[in-house]
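Below is one structure, written out as structure tokens; the observations come after it.
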Amino acid sequence: MKLPARRTSYGVKGAPYTFLIPATLLFLLFFALPIGYAVWLSFRKVRVSGLGLGAGAREEVWAGLENYTGALSDSELLNGALRVLGYGCIVVPVMLGLALLFALMLDSEKVRLAPFTRLAIFLPYAVPGVVAALLWGFLYLPDVSPFYFVLDRLGLPQPDLLDGGPLYLALSNIAVWGGTGFNMIVIYTALRAIPAEVYEAAKLDGATPLQTALRIKIPMVAPSLVLTFFFSIIATLQVFSEPTTLKPLTNSVATTWSPLMKVYQDAFGKGDIHAAAAQATLIALATLVLSFGFLRAANRRNKQEAAR
Amino acid sequence: MPYTKRRRLVSSAVAVTLGATALAACGSSSDDGEAQSGPVSLTYWTWTPGMDKVVDLWNKGPGKKEQITVTVKKQASGDTLVTKILTAHKAGKAPDLVQAEYQALPTLVSNDALADIGGNVGDARSKFADGVWQQTTLGTDAVYAVPQDIGPMMFYYREDLFEEYGLSVPATWDEFAETARKLKKKAPDKDLTTFSANDSGLFAGLAQQAGARWWTTSGDKWKVGINDAATKKVADFWGGLVAEGAVDNQPMYTPAWNKALNTGKQIAWVSAVWAPGTLTTAAPDTKGKWAMAPLPQWDEGGSSTGSWGGSSTAVTTDSGNKAAAAKFAAWLNTDGEALNALAKESGIYPASTSAQLSGAFTTPPEYFSNQPDFYTKAAAIAETTAPSAWGPNVNVAYTTFKDAFGAAAKNKSDFTAALDTMQQDTVADLKKQGFGVAE
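Which chain is which? The protein sequence lines are S and X, in order.
Take the first sequence: its position 104, counting from 1, is numbered 104 in the UniProt record's numbering, and each next residue is one higher.
Take the second sequence: its position 47, counting from 1, is numbered 47 in the UniProt record's numbering, and each next residue is one higher.
Now the structure itself:
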């Protein structure tokens, strides 16, 4: 009697693992394996002997941490990280601020043409990043931009948007234009999920629409704000296509403007995949630490507030 | 029962062995480049537009006779293709034939991706100028490619506007600088041309004209001379013009640049023989108003030019039919019919000297119909091309150029410092990879 019972219990225990096999296999094959290979490459390098011409002049050898020390002592990578930090300081607050503002406005009772406005704000998100960058790039070039034509006619100053400080604004503008709609939809969806009784209670207590927005709506959509912030940090650290598209239009954007551009340049411009792999690993680690660090901090605050 | 089971085992073992021998046969055939019996099919990676039509001529003509069929696979141009070839080569799967720019040949050879086809290209050598052919041998006894097209550099200018502003065509670089200043005085919102930092080939060509030798070998060591006296002279010259505002500092190939050429805001362009094609799309409204002259010289009465662009056809070490592939490469770039088709379908300027004055090149390009002797002049200029010296990490020097000179042009700062950065980065990269480097 005992044996069959044990067998069934064993079968039930094993079932979840069996169901997990396909997902685990796919994870290993298409996620863990490529990452592992990149990490493996980052510990190796190519060794050339003499003139390096002909067969057998080139071999792949173990490099230890050489690629990592190289990447960390590379001022260009650090400068790129600083540039992206500056860019992120503009993009993230402006984009999320606008997204929240638009979401609150769309959610208010007096709004007209809400579906159309929502679509209009969201639409730029559907434009591919490269196309958006090209579009804006043309608008930034003084000689072909209609904006400059108007400024010229009005006798107003015509700033060079593709140089120095304004370049950061120009790049941020592209990201804000493309990303606000998506973040707005996320926040707006959270707003719609707030039960109507809450608003009713607020109204009965005599809260103005502004007070409702500040004291009720924003705290209640805080988890969505955390989520959008989290996505925005990752997107900022991975900025690549906008500066790459603007690069041929100006001398101000170097081929190594952002850390990912440097990785691309080293791998495909200079042909050093080993150094590129080490840099990519470092960027992945930094992204992980930054984004999850933020999530933990946000969670801790939530818990403290809940305890209060 | 046991008997049948064993039989099945035996037969499957035989099948496996057969499969293995078949695989081994494949492997051995790809190692042995010379043996070819029966029909051969080759793959060719190229970015030249219209190449499939030219290859059709081969497949229907000489290729049919020799049972060698070539298939064209269209690729991205330049450095992107080099990366792709090297990646494919790492997997042992590079195509039989590839198109490669001259400056990429040392990189490809250094990765052991290109085969020595010296024994299979017949008398191809006699069809090319020495300076062109030398680029495919890298100064060794081997032949790593057959030259296809070249880009001798020339000076293009708006004939009508030069007349309007009372400018004469500069014969020396000093006169070029004077012309730029004179134009600035007469029309402050116009520029003679721009110094663009987004195409390293232009600067390399200008340095080549001045007599620079960026990579040379001594013994088993490379010597890098990017900041040699000749290149410094070129860098100082352009840096000076940019700093004093005599020429513009914005990059080429942007919508703004197109507009500047099309509206006569920039009235000259230091370019190469392929310029008519670019001008046709960039400045369509000024057709027939441009003229071509030899590049200004460093020494009065001199005649020398650099090259910007140009490519060759090479056979990879992964090819299973190197001899057949070399035969095709030689036909493509030396046969009269093939070269005519290349000129017509792809608009290339042939490296083969005999082709430079025949077929499509007896009449000027449509954009330059006002200059009937365009190609006669071009051929004469091509003959004066200075020798070039490429090394195994041209790609590194080129990317450093874009960033260092881009920043220098933007800030109108010292070009010599940018040149030194280029030299240092190139040397550091060679050392890092383990190449022997002579100081």
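By construction, the Cβ of each residue, glycine as well, lies at the ideal position given by its N, Cα and C atoms.
For residue i and residue j, what's the separation of their Cα atoms in angstroms?
i: Val224 (chain X); j: Asp429 (chain X); result: 11 angstroms
i: Ser29 (chain X); j: Asp318 (chain X); result: Because Ser29 (chain X) carries a pLDDT of 39, less than 50, the predicted location of this residue cannot be relied on, and no value is offered for it.
i: Tyr68 (chain S); j: Gly165 (chain S); result: 31 angstroms
i: Tyr44 (chain X); j: Ala341 (chain X); result: 17 angstroms
i: Glu383 (chain X); j: Trp257 (chain X); result: 30 angstroms
i: Asp79 (chain X); j: Gly201 (chain X); result: 12 angstroms
i: Phe230 (chain S); j: Ala222 (chain S); result: 12 angstroms
i: Lys247 (chain S); j: Asn249 (chain X); result: 15 angstroms
i: Ala280 (chain S); j: Gln265 (chain S); result: 12 angstroms
i: Thr180 (chain S); j: Phe30 (chain S); result: 31 angstroms
i: Val48 (chain S); j: Glu439 (chain X); result: 18 angstroms
i: Leu183 (chain X); j: Asp160 (chain X); result: 14 angstroms
i: Val61 (chain S); j: Pro365 (chain X); result: 53 angstroms
i: Gly436 (chain X); j: His89 (chain X); result: 24 angstroms
i: Ala190 (chain S); j: Val176 (chain S); result: 21 angstroms
i: Thr334 (chain X); j: Lys127 (chain X); result: 7 angstroms
i: Phe240 (chain S); j: Asn262 (chain X); result: 32 angstroms
From this set, the options, which residue's C-alpha is nearest residue i's C-alpha?
i: Gln134 (chain X); options: X:Pro147, X:Gly122 and X:Asp123; result: X:Pro147
i: Ile150 (chain X); options: X:Trp257, X:Thr280 and X:Ala378; result: X:Ala378
i: Gly63 (chain X); options: X:Met51, X:Leu42 and X:Trp47; result: X:Leu42
i: Ala104 (chain X); options: X:Trp390, X:Asp420 and X:Ala380; result: X:Trp390
i: Ala145 (chain X); options: X:Thr48, X:Ala171 and X:Arg125; result: X:Arg125
i: Leu161 (chain S); options: S:Gly155, S:Leu154 and S:Phe147; result: S:Phe147
i: Gly134 (chain S); options: S:Ser108, S:Pro159, S:Asn173 and S:Asp107; result: The sequence as given places Leu at residue 134 (chain S); Gly does not occur at that position. The shortest Cα separation from Leu134 (chain S) among S:Ser108, S:Pro159, S:Asn173 and S:Asp107 belongs to S:Asn173.
i: Trp136 (chain S); options: S:Ala23, S:Leu82, S:Pro243 and S:Phe292; result: S:Pro243
i: Val46 (chain S); options: S:Asp74, S:Leu282 and S:Gly271; result: S:Gly271
i: Ala343 (chain X); options: X:Lys53, X:Gly38, X:Pro372 and X:Pro39; result: X:Lys53
i: Asp285 (chain X); options: X:Phe368, X:Val247, X:Pro372 and X:Val394; result: X:Phe368
i: Val263 (chain S); options: S:Met95, S:Ala81 and S:Gly56; result: S:Ala81
i: Leu53 (chain S); options: X:Thr217, X:Lys185 and X:Arg158; result: X:Thr217
Checking contacts by CB at 9 angstroms: is residue i closer than that to chain X?
i: Ala298 (chain S); result: no
i: Leu161 (chain S); result: no
i: Pro166 (chain S); result: no
i: Pro34 (chain S); result: no
i: residue 309 (chain S); result: Here chain S comprises residues numbered 1 to 308, so residue 309 (chain S) is not present and cannot be evaluated.
i: Pro146 (chain S); result: no
i: Thr256 (chain S); result: yes
i: Asp272 (chain S); result: yes
i: Phe268 (chain S); result: yes
i: Val127 (chain S); result: no
I'd like to know whether the C-beta atoms of residue i and residue j end up nearer to each other than 9 angstroms.
i: Ile68 (chain X); j: Ala324 (chain X); result: yes
i: Ala129 (chain X); j: Thr313 (chain X); result: no
i: Arg255 (chain S); j: Gly88 (chain S); result: Checking the displayed sequence, the identity of residue 255 (chain S) turns out to be Thr instead of Arg. No, these two residues do not count as a Cβ contact at 9 angstroms.
i: Ile194 (chain S); j: Ile216 (chain S); result: yes
i: Thr399 (chain X); j: Asn227 (chain X); result: no
i: Leu241 (chain X); j: Phe203 (chain X); result: no
i: Gln209 (chain X); j: Trp298 (chain X); result: yes
i: Ala212 (chain X); j: Thr193 (chain X); result: no
i: Trp308 (chain X); j: Asp236 (chain X); result: no
i: Tyr125 (chain S); j: Phe43 (chain S); result: no
i: Gly359 (chain X); j: Gly336 (chain X); result: yes
i: Val132 (chain X); j: Ala351 (chain X); result: yes
i: Ile85 (chain X); j: Leu108 (chain X); result: yes
Quick check on residue i - is its C-beta less than 9 angstroms from some C-beta in chain S?
i: Trp222 (chain X); result: yes
i: Val396 (chain X); result: yes
i: Tyr102 (chain X); result: no
i: Phe203 (chain X); result: no
i: Phe361 (chain X); result: no
i: Ser110 (chain X); result: yes
i: Asp285 (chain X); result: no
i: Thr107 (chain X); result: yes
i: Asn393 (chain X); result: yes
i: Lys322 (chain X); result: no
i: Gln250 (chain X); result: yes
Looking at the strands, I want to know which residues DSSP matches up with residue i.
i: Leu114 (chain X); result: X:Thr316
i: Leu204 (chain S); result: According to DSSP, which records beta bridges pairwise, Leu204 (chain S) is partnered with nothing at all.
i: Gly310 (chain X); result: X:Ile150
i: Tyr44 (chain X); result: X:Val72 and X:Leu97
i: Phe155 (chain X); result: X:Val270 and X:Ala293
i: Glu59 (chain S); result: S:Arg47
i: Ser346 (chain X); result: Bridge partners of Ser346 (chain X): none, in fact.
With a threshold of 8 angstroms, establish whether the CB of residue i neighbours any heavy atom of the ligand PLP.
i: Ser108 (chain S); result: The ligand content of the structure shown is nil, which means the ligand PLP is not present either.
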